[in-house]
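Asks: Before we start, here is the structure in question, set down as structure tokens.
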Amino acid sequence: MNTHEGLMDGDVSFKMPGADLKAQMMEFNLNNGLGTLTDVKGTIGDGLSISAQKVERTGERSFSISDGAITSCPPDYQEWVFKAKSLDVTMGGLASFRDVSLRFYDVPVFYSPYWFAPAVTERTSGLLLPGAGYSSTSGAFMNNSYYWAISGQDDATLYFDVMSLRGTHEGVEYRYVPAERTHGQMKADYMKDALYGEALWSVKYNHSQQLSDHLDALANLDMESRVSYTKEFSTDNFMKTRLYTDSNATLTSRSDAWYLSLTGRDQTGIEETPTEIFSRKPEMGATMLPRSFLNTPVVVNGDAAVTSFFSSRLAGDQNLDRAVFHPVVSSPFTLGRFLNLYPWANGYALWYSNGQAGAGPISTAYYSAGLGAEGPRMYRIYESDSDSYKHTVTPQLDYSYVPGFELNGVDRANTVKLDALDYSTPQSLLTFTLLNRVFSRKQDDEIFWASLKQGYDFNEARRTDATAKFPYTDLQLDIKSKPASWLLFNMDMTYNHYISQPDTMVQELGFAPSGSSFYLSYDRNYSRLQQTIAVNGLITYSPTPTIFSTGMVGYRLSERFSTEVSGIYDEYQHRYNGTLFLLKFQSCCWGASLSAGTRPRTISLPDGSLRQESETRFYVSINLKGLGDIGEKPSPLIQRKL
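All residue numbers for the sequence shown refer to the numbering used here, where the first residue is 9 and numbers rise by one.
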């Protein structure tokens, strides 16, 4: 009788997509392709090594394993291993463990009656590895999540986090790509916070769709509770420090000559932010792209927009409508071989439904014009035994003019200042720029770039009142340099001649000596006057300086261990605005990190008052190659430069 069953004894190999196994013995059935392997070793999934006393193939892509072990470490050096009494593995799915223990260097550190690991070649639903840590304000926390592969076009992640001092957090993140030119993502978070005694929530949604070859749609929804959820719990530095939410929708149509748009935007200040916020409901705009005028050297372009602004902080929740027409004309040309000229002119015509102090509808029109000149470009080549350098020097001269208030001066002065278009300050400014660049043949790159810029204000020089005149603008120095692969230095400074000190200075340093275990990254930001930027783009200043230094020092202690220390220091207030210590271990098949960080927090109390406090957080993260991360990782305070 032919049973189509067989037995192979000795070195047996079994291969299928996603699995490559070797065994001492194999029993098999030729009809259904099922069988049993004994004393098995091999690989499954994405680089996972497996060993087992017995492996039984129970389906086309499923296996049942007895007395098995799984790891991503090399066979002769298994630093970690999951061992289990039994495993059920579905290729393209999960490996489900029973009576499982996680061992490091053969020492058990974890046991569970049930566990899982991905054995996937495609997206598969399942629990993700948890994260854990400790915060002085949230207590001990554990973050849990479930990945749901809904279909080939969409998926979701469900969150359930537990914080011992603040309660539980529920969240969902949904992603979709229903078509090649359509995609979107939504994230919603909610928790009943024991610290504030109220609900904290956040909804973020973005959608992008190309409706046709020339028509695009974008939508972003950004909403938060009174106490900002993202300020409390986000690990992203921008989200923790932003001043307002920003919801918007835009419909744009493009052609070779025009760019048309319809936009609505709603921005809301977060918590104690005392900024004037103007929503745009809606804005219709048209932009003409640069083109030659009647096949001449003259280039024309421009834009026009009609906008309805709204702010609840304006008297009576009033609206303000504005229409703008802004044509631009330029005609760049070369004079001789060495001089490039760029004459230009702008026109502005604006209409407002209201002016300042309740004035009725106003309209104004004015222009600006200027001339730019560049050249001649000079250079010199320097030779050395090890390299060749090319140094170029290029002078630039620019003049810009905006007429005085004798041209529609009353209406120009009474416009509500919503953004840069509403500022028509008279100007007669000459600016000289000297550009230096150095190129290295050996590095095949630019190693030094420096711009030195100085302006002279003729209007200021011609003033006839008795107050002191300050016609020279701040001297601007901008340097970007990388003289060697291990050294980076950048600086941007504005220097005030009249008080003989900088108004602003930004410095950036990266240092990582070749062959050394040490590296350094450093930023310093100085401003003589504290600057506040409102949502509508207006800038105000106070006489209090701001001086922040942010630095990171890293050192590789050994082949496997390294450490980093970083911090943000307020030099004016003499206090730290954040610190982070990180100890990392990295092996060939797993890694771990221990982090401790502090940050200041502003607590918005129910009675409207504010309380300052410091939060300390501890993080532990383990990465098992091929399986994923266990634990939490903080956001860096500064990015490594080199």
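Yeah, the Cβ is synthetic: ideal placement off N, Cα and C, and Gly gets one too.
Every value quoted in this text rests on a predicted model; they were computed, and no experiment measured them.
1) Per DSSP, which one or two residues make a beta bridge with Q620?
2) Can you tell me where the alpha helix (DSSP H) holding K649 begins and where it ends?
3) Could you tell me the distance, in whole angstroms, from the CA atom of P642 to the CA atom of G160?
4) Can you give the beta carbon distance from L443 to S459, rounded, assuming they're within the 8 Å contact cut?
5) To the nearest whole angstrom, what separates the beta carbons of N533 and V514, a pair I think is in contact under 8 Å?
6) Measuring only the C-alpha atoms, how far is R65 from W123?
7) Apart from the five residues on each side of it in sequence, which residues of its chain come closer than 8 Å, Cβ to Cβ, to W266?
8) In three-state terms, what does DSSP make of F466?
9) Among P608, L602, S524, which has the Cα closest to the Cα of E567?
10) Around the C-beta of N544, are 16 or more other C-beta atoms found within 10 angstroms, so that it is buried, or is it exposed?
11) Per DSSP, which residues does S59 bridge with? Please list them.
12) With burial defined as no fewer than 16 other Cβ atoms inside 10 Å of the residue's Cβ, what is the status of S171: buried or exposed?
13) Please return the same chain residues whose Cβ sits closer than 7 Å to the Cβ of R564, not counting the five positions on each side in sequence.
14) State yes or no: is the C-beta of V211 within less than 8 Å of the C-beta of A227?
15) Roughly how many angstroms lie between the CA atoms of M24 and L42, to the nearest whole one?
16) Might you give, ordered along the chain, the residues of its own chain that have their beta carbon closer than 8 Å to the beta carbon of A381, omitting 5 neighbours on each side?
17) I need the straight-line Cα distance from N354 to A377, nearest angstrom please.
18) Bridge partners for E1 per DSSP, in chain order?
19) Go ahead and label C596 buried or exposed: buried means 16 or more other beta carbons lie within 10 angstroms of its beta carbon, across all protein chains shown.
20) Using the C-alpha atoms, what's the distance from H399 back to R388?
21) Expressed to the nearest angstrom, what Euclidean distance is found between the alpha-carbon atoms of Y651 and Q435?
22) Would DSSP call Q515 helix, strand or coil?
23) With a threshold of 7 Å on Cβ separation, who are the neighbours of E468 within its own chain once the five nearest residues in sequence on each side are excluded?
24) Over what stretch of residues does the beta strand (DSSP E) that includes K477 continue unbroken?
25) Taking C-beta to C-beta, are R445 and D395 nearer than 8 Å?
26) When you compare the CB positions of A164 and V180, do they come within less than 8 Å of one another, or not?
27) Taking all protein chains shown into account, decide if Y360 is buried (16 or more other Cβ within 10 angstroms of its Cβ) or exposed.
28) With a 10 Å radius around its C-beta and 16 neighbouring C-beta atoms as the bar for buried, classify M199 as buried or exposed.
29) Would you grab the beta carbon distance between T423 and G363 for me? Rounded to a whole angstrom, and I think it's under 8 Å.
30) Below 8 Å between beta carbons: does that hold for E640 and S622?
31) Could you tell me whether the segment 65-75 touches the segment 574-585, where touching means 3 or more Cβ pairs closer than 8 Å?
32) Helix, strand or coil: how does DSSP classify E13 here?
Replies: Here's the rundown:
1) T610
2) Run containing K649: none; DSSP gives neither H nor E here.
3) Going from the Cα of P642 to the Cα of G160 covers about 32 Å.
4) 5 Å
5) 5 Å
6) Approximately 20 Å, taken between the alpha carbons.
7) If you ignore the 5 residues before and after W266, its C-beta comes within less than 8 Å of the C-beta of A294, T295, M296, L297, all in its own chain and listed in chain order.
8) helix
9) S524
10) Because the pLDDT at N544 is just 48, under 50, the model does not fix this residue reliably, and the value given afterwards should be weighed accordingly. It is buried - the Cβ of N544 has at least 16 other Cβ atoms within 10 Å.
11) K49, A77
12) The question names Ser, but residue 171 in the sequence shown is Met. Its Cβ being crowded by 16 or more others within 10 Å, M171 is buried.
13) S525, S570
14) no
15) 13 Å
16) L347, N348, L349, Y350, Q404, L405, D406
17) 6 Å
18) Residue numbering for the chain in the displayed model covers 9 to 650; residue 1 lies beyond these limits and cannot be assessed.
19) exposed
20) 5 Å
21) For residue 651 there is no data in the structure shown, the boundaries of the chain being 9 and 650.
22) strand
23) K477, F478, P479
24) Taken as a continuous stretch (DSSP letters only), K477 belongs to no beta strand (DSSP E), as it is neither H nor E.
25) no
26) yes
27) Y360 should be labelled buried.
28) buried
29) T423 to G363, Cβ: 6 Å. Contact.
30) no
31) no
32) In the three-state scheme derived from DSSP, where H, G and I count as helix and E and B as strand, E13 is classed as strand.
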